[in-house]
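Chemist: Just so we're aligned, residue 46 is where the sequence shown starts under this note's numbering, counting upward by one. For every residue, glycine included, the Cβ atom is placed at its ideal position computed from N, Cα and C. Here it is, the structure, as structure tokens.
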Amino acid sequence: MSAEPDRTVDVDAVLLDVGGVFFVPEHERILGAFERAECTTSADLLDRAHYTGAARMTTDLDVLEDWPGSWARYLDAYLTTCGAPDDAHDELHKHLDSEFADAALWIRVLPGCRDNLRALAARGVRLGIVSNADGLIGARLREHEILQVGPGPGVEVECVIDSGEVGVMKPDPRIFEIALDALNLPPDRVCYVGDMPGIDVVGARRANIRPFVIDPYDLHHDADYDRISSLAELADRIAPR
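Below you can see the structure in the form of structure tokens.
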């Protein structure tokens, strides 16, 4: 019998996305958009809808070159998961586009994410954030007592790299290189956890960082990248310090 493959992750630091890792779209605003479009859905479907849409942002997309097409792919999968009929998609796009354009939509804290982050921190790895955001993501993470740079109410991390502050967005590798400089580590000693392959996997690979996709609903069946169900699973795989 052949030996099981070694799933140990030997890194000194873990960089983390925010959307899909700590925050997802706030339910009430999404339900309100459905109501304005004279459609209905269930709040129970909304988190899964996000991850289904994220899975459609595949690594063959050039997100920076074709953001409208990439976004339409995400939103159509999102709406299908919510049970929206095909003939309602255009109207729902109009209402949801404006909601998703507001970074403050992403304020629903994923259940268990704080405990899972603490489990990861307890493994002794250094931590940082790399997020496409609006310049305020660090403040939101601190406000919700998830994490912050330095001492505070949440887990201590070493850097929060927000595209709204640094002027470059994933999948451009430069945003990851800013984080590597902040950590003073080479890319082969770092991994990155995100939720959208076309943004997070592509960007991390361009920076020579090993990507992981958070996949709580087991949606990325044919992936050529690592998947984890939660940060707690990654914590279990981190090599002992």
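I'd like the ranges of any beta strand (DSSP E) spanning at least 3 consecutive residues and lying wholly in the stretch 204-258.
Modeler: Within the stretch 204-258, the complete beta strand (DSSP E) runs of at least 3 residues are 204-207 and 235-239.
Chemist: Tell me the residue span of the beta strand (DSSP E) that contains R272.
Modeler: Here the beta strand (DSSP E) through R272 covers D271 to I273.
Chemist: Going by DSSP, what residue range makes up the alpha helix (DSSP H) through V174?
Modeler: It is worth fixing the name first, because residue 174 is Ile in this sequence and not Val. Run containing I174: none in the alpha helix (DSSP H); it sits in the beta strand (DSSP E), R171 to S176.
Chemist: Measure the beta-carbon distance from V246 to P256 and round it to whole angstroms, keeping in mind my assumption that it falls under 8 angstroms.
Modeler: Yes, V246 and P256 are in contact; Cβ-Cβ is about 4 angstroms, under 8 angstroms.
Chemist: Can you grab the Cα-Cα spacing for the pair A166 / D57, in whole Å?
Modeler: Straight-line Cα distance between these residues: approximately 11 angstroms.
Chemist: Using only alpha-carbon positions, find the residue among I244, A277, D207 and A129 that is nearest to T104.
Modeler: The residue with the shortest Cα to Cα distance from T104 is I244.
Chemist: Please determine, among I283, T53 and R52, the residue with the shortest C-alpha to C-alpha distance to R171.
Modeler: Of the listed residues, the one whose Cα sits closest to R171 is I283.
Chemist: Since I174 and L61 should fall inside the 8 angstroms C-beta cutoff, what is the C-beta to C-beta distance between them, to a whole number of angstroms?
Modeler: Confirmed, about 6 angstroms.
Chemist: Would A268 and P218 qualify as a contact pair, given that the criterion is a beta-carbon distance under 7 angstroms?
Modeler: For A268 and P218, no; Cβs fall outside 7 angstroms.
Chemist: Would you call the stretch 75-87 in contact with the stretch 129-137, where contact means no fewer than 3 C-beta pairs closer than 8 angstroms?
Modeler: Counting Cβ pairs under 8 angstroms, three or more are found: they touch.
Chemist: Secondary structure at E201, three-state DSSP: helix, strand or coil?
Modeler: Of the three classes helix, strand and coil, the one that applies to E201 here is strand, per DSSP.
Chemist: Going along the chain, which residues of its own chain have a beta-carbon closer than 6 angstroms to the beta-carbon of R234, five neighbours each way excluded?
Modeler: Counting only Cβ-Cβ distances below 6 angstroms, and skipping sequence neighbours, we find V56 and D57.
Chemist: Once the 5 residues before and after N177 are set aside, which same chain residues still bring their CB inside 6 angstroms of it?
Modeler: Once the five neighbours on either side are set aside, the close Cβ partners of N177 are S208, M214 and K215.
Chemist: Taking 7 angstroms as the cut-off, decide whether the C-beta atoms of E71 and L150 are in contact.
Modeler: In this structure, L150 lies closer than 7 angstroms to E71 by Cβ.
Chemist: Output the distance between the C-alpha atoms of E144 and R286, rounded to the nearest integer angstrom.
Modeler: Each residue's Cα considered, the two are about 43 angstroms apart.
Chemist: In terms of DSSP beta bridges, what is G77 paired with?
Modeler: G77 pairs with nothing; no bridge assigned.
Chemist: From what residue to what residue does the beta strand (DSSP E) around A13 run?
Modeler: Beyond the ends of the chain as shown, which are 46 and 286, falls residue 13; an answer cannot be given.
Chemist: State the DSSP-derived secondary structure class of G128, mapped to helix, strand or coil.
Modeler: G128: coil per DSSP, three-state reduction.
Chemist: For D240 and G212, I'd like the C-alpha separation in whole angstroms.
Modeler: The straight-line gap from Cα to Cα measures roughly 21 angstroms.
Chemist: For R52, does the count of other Cβ atoms within 10 angstroms reach 16, so buried, or fall short, so exposed?
Modeler: So R52 counts as exposed.
Chemist: Quick one: using the 10 Å Cβ neighbour count with 16 as the cut-off for buried, is N161 buried or exposed?
Modeler: With 16 or more other Cβ atoms within 10 Å, it is buried.
Chemist: State yes or no: is the C-beta of A100 nearer than 6 angstroms to some heavy atom of the ligand GDP?
Modeler: The ligand GDP is absent from the structure shown, which contains no ligands of any kind.
Chemist: List the endpoints of the continuous beta strand (DSSP E) containing L192.
Modeler: That run of the beta strand (DSSP E) goes L192 to V194.
Chemist: On the CB-based measure, 16 or more other CB atoms within 10 Å of its CB, does H266 come out buried or exposed?
Modeler: By the 10 Å Cβ count, H266 comes out exposed.
Chemist: Under 7 angstroms, do R168 and V200 count as touching if we go by C-beta distance?
Modeler: No, the pair does not count as a contact, with Cβ atoms beyond the cut-off.
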